[in-house]
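**Student:** Residue numbers (full-length UniProt numbering): 1 to 242. Next up is a structure, given as structure tokens.
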Amino acid sequence: MPDPIFAHPRLAAVYDAFDGDRDDLDAYLGIADELGADRVLDVGCGTGCLSVLLADSGRTVMGVDPAEASLRIAGSKDRTGRITWVHGDATGVPAFGADLAVMTGNVAQVFLTDGDWTRTLRGIHGALRPRGHLVFETRRPERRAWEEWASDTDPVVLDLPEAGLVARRLEVTDVSPPLVSFRYTYTFLADGAVVTSDSTLRFRDRDEVETSLVANGYRVLEVRDAPDRPGLEFVFVAQRTT
1 MPDPIFAHPR LAAVYDAFDG DRDDLDAYLG IADELGADRV LDVGCGTGCL
51 SVLLADSGRT VMGVDPAEAS LRIAGSKDRT GRITWVHGDA TGVPAFGADL
101 AVMTGNVAQV FLTDGDWTRT LRGIHGALRP RGHLVFETRR PERRAWEEWA
151 SDTDPVVLDL PEAGLVARRL EVTDVSPPLV SFRYTYTFLA DGAVVTSDST
201 LRFRDRDEVE TSLVANGYRV LEVRDAPDRP GLEFVFVAQR TT
């Protein structure tokens with residue numbers, strides 16, 4: 001089940017504004033160019049920012065996400081209906097023959113159990129063409145990102161055209177490595193509504209991710225540094241082996 005931050009209609013509507021400038025997406029466009037990818041599967045596409053950029057570059061794109069509210073936002077950006085939107089997760093993606101599958105925004109960390117992660121990798125494997133590529137990022141656990149989150153207690157307040165003033169506060173609620181849980185609290189000042197979203201992420205180390213990829217039909221071509229967050233994240237470039 002998707003977290004409320006993606007699935008609650010009021011939170012999905014303000015997600016892009018609070019998410020800020022997505023500088024990380026330029027790197028994924030560059031990787032698509034580098035790999036010569038014409039058909040791209042965007043796993044955990046959310047509100048569709050990357051899917052739309054990929055479609056704007058002339059590619060055939062499928063975006064999949066379990067949060068219906070986020071998909072509605074994504075669809076509103078796709079005014080000409082170029083993109084195939086799938087409500088669900090990677091395990092239910094139809095055969096797509098993708099040259100490239102991507103997971104941005106640290107989507108790879110939402111799969112908490114080994115079983116969920118394995119099923120996701122296998123689902124993506126089935127949606128890729130033979131020798132197709134999978135590229136995704138994940139935070140480096142040794143950098144302990146949760147400590148920075150815990151120290152940042154001041155609310156962020158935005159004045160949004162349709163929602164008015166909205167305040168968001170982040171609270172780390174549990175640190176039990178490799179799992180870290182946190183809560184976002186949104187206060188819509190126009191009507192006083194308060195909506196919370198609880199999330200948990202799994203911080204896998206590099207060896208664990210590489211081992212899981214190999215075990216599920218991929219070979220790891222390269223592990224890169226995230227250009228927009230140097231030293232903080234791994235970017236895995238893998239290829240389907242069959």
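Positions of the beta carbon are idealized from the N, C-alpha and C atoms, including for glycine.
How would you call E131, buried or exposed, if buried means at least 16 neighbouring beta carbons within 10 angstroms?
**Tutor:** Residue numbering aside, residue 131 sits at position 131 when the sequence shown is read from its first letter. As written in the sequence, residue 131 is Arg, which differs from the Glu given in the question. Result: exposed.
**Student:** Inspect the beta-carbon positions of A167 and T153 and report whether they are closer than 8 Å.
**Tutor:** Position 167 of the sequence shown holds residue 167. Position 153 of the sequence shown holds residue 153. Not closer than 8 Å, so no.
**Student:** For T153, which three-state DSSP category applies?
**Tutor:** Start at 1 with the first residue of the sequence shown, and residue 153 comes out as number 153. Coil.
**Student:** As an exercise, report each continuous beta strand (DSSP E) stretch of at least 3 residues that is fully enclosed by the UniProt domain "Methyltransferase" (40 to 132), in chain order.
**Tutor:** Those beta strand (DSSP E) runs which fall completely within the UniProt domain "Methyltransferase" (40 to 132) and span 3+ residues are 60 to 65, 84 to 87 and 98 to 103.
**Student:** Hey, out of R22, G46, D23 and R82, whose CA is closest to A12's CA?
**Tutor:** The residue you call residue 12 lines up with position 12 of the sequence shown. Taking only the C-alpha atoms, the option nearest A12 is G46.
**Student:** I need the DSSP call for D205, collapsed to helix, strand or coil.
**Tutor:** If you number the sequence shown from 1, residue 205 lands on position 205. D205: coil per DSSP, three-state reduction.
**Student:** Quick one: is S51 buried, meaning 16 or more other Cβ sit within 10 Å of its Cβ, or exposed?
**Tutor:** Here residue 51 refers to the residue found at position 51 of the sequence shown. So S51 ends up on the buried side.
**Student:** As a quick exercise: from L100, L25 and E68, pick the residue whose alpha carbon is nearest that of M62.
**Tutor:** As a first step, residue 62 is located in the sequence shown; it is residue number 62 there, counting from the start. Of the listed residues, the one whose Cα sits closest to M62 is L100.
**Student:** According to DSSP, which residues form a beta bridge with S181?
**Tutor:** In the sequence shown, the residue the question calls residue 181 occupies position 181. According to DSSP, S181 bridges with D174 and T200.
**Student:** Who are the Cβ neighbours of V172 in its own chain at under 6 Å, not counting the five residues just before and after it?
**Tutor:** Position 172 of the sequence shown holds residue 172. The residues are W146, W149, A150 and F182.
**Student:** What does a CB cutoff of less than 8 Å around G164 pick up in its chain, not counting 5 residues either side in sequence?
**Tutor:** The residue you call residue 164 lines up with position 164 of the sequence shown. F188, L189 and A190.
**Student:** With contact counted as at least three CB pairs below 8 Å, one residue from each stretch, are the stretch 84 to 98 and the stretch 118 to 138 in contact?
**Tutor:** Because the criterion of three Cβ pairs below 8 Å is met, the stretch 84 to 98 and the stretch 118 to 138 touch.
**Student:** Should F236 and F136 be called a contact, given that it needs their Cβ atoms to be closer than 8 Å?
**Tutor:** What you label residue 236 is simply residue 236 of the sequence shown in a count that begins at 1. What you label residue 136 is simply residue 136 of the sequence shown in a count that begins at 1. Yes. Within cutoff.
**Student:** Would the beta-carbon of V43 fall within 8 Å of that of A90?
**Tutor:** By 1-based counting over the sequence shown, the position of residue 43 is 43. By 1-based counting over the sequence shown, the position of residue 90 is 90. Yes, the Cβ-Cβ distance between V43 and A90 is below 8 Å.
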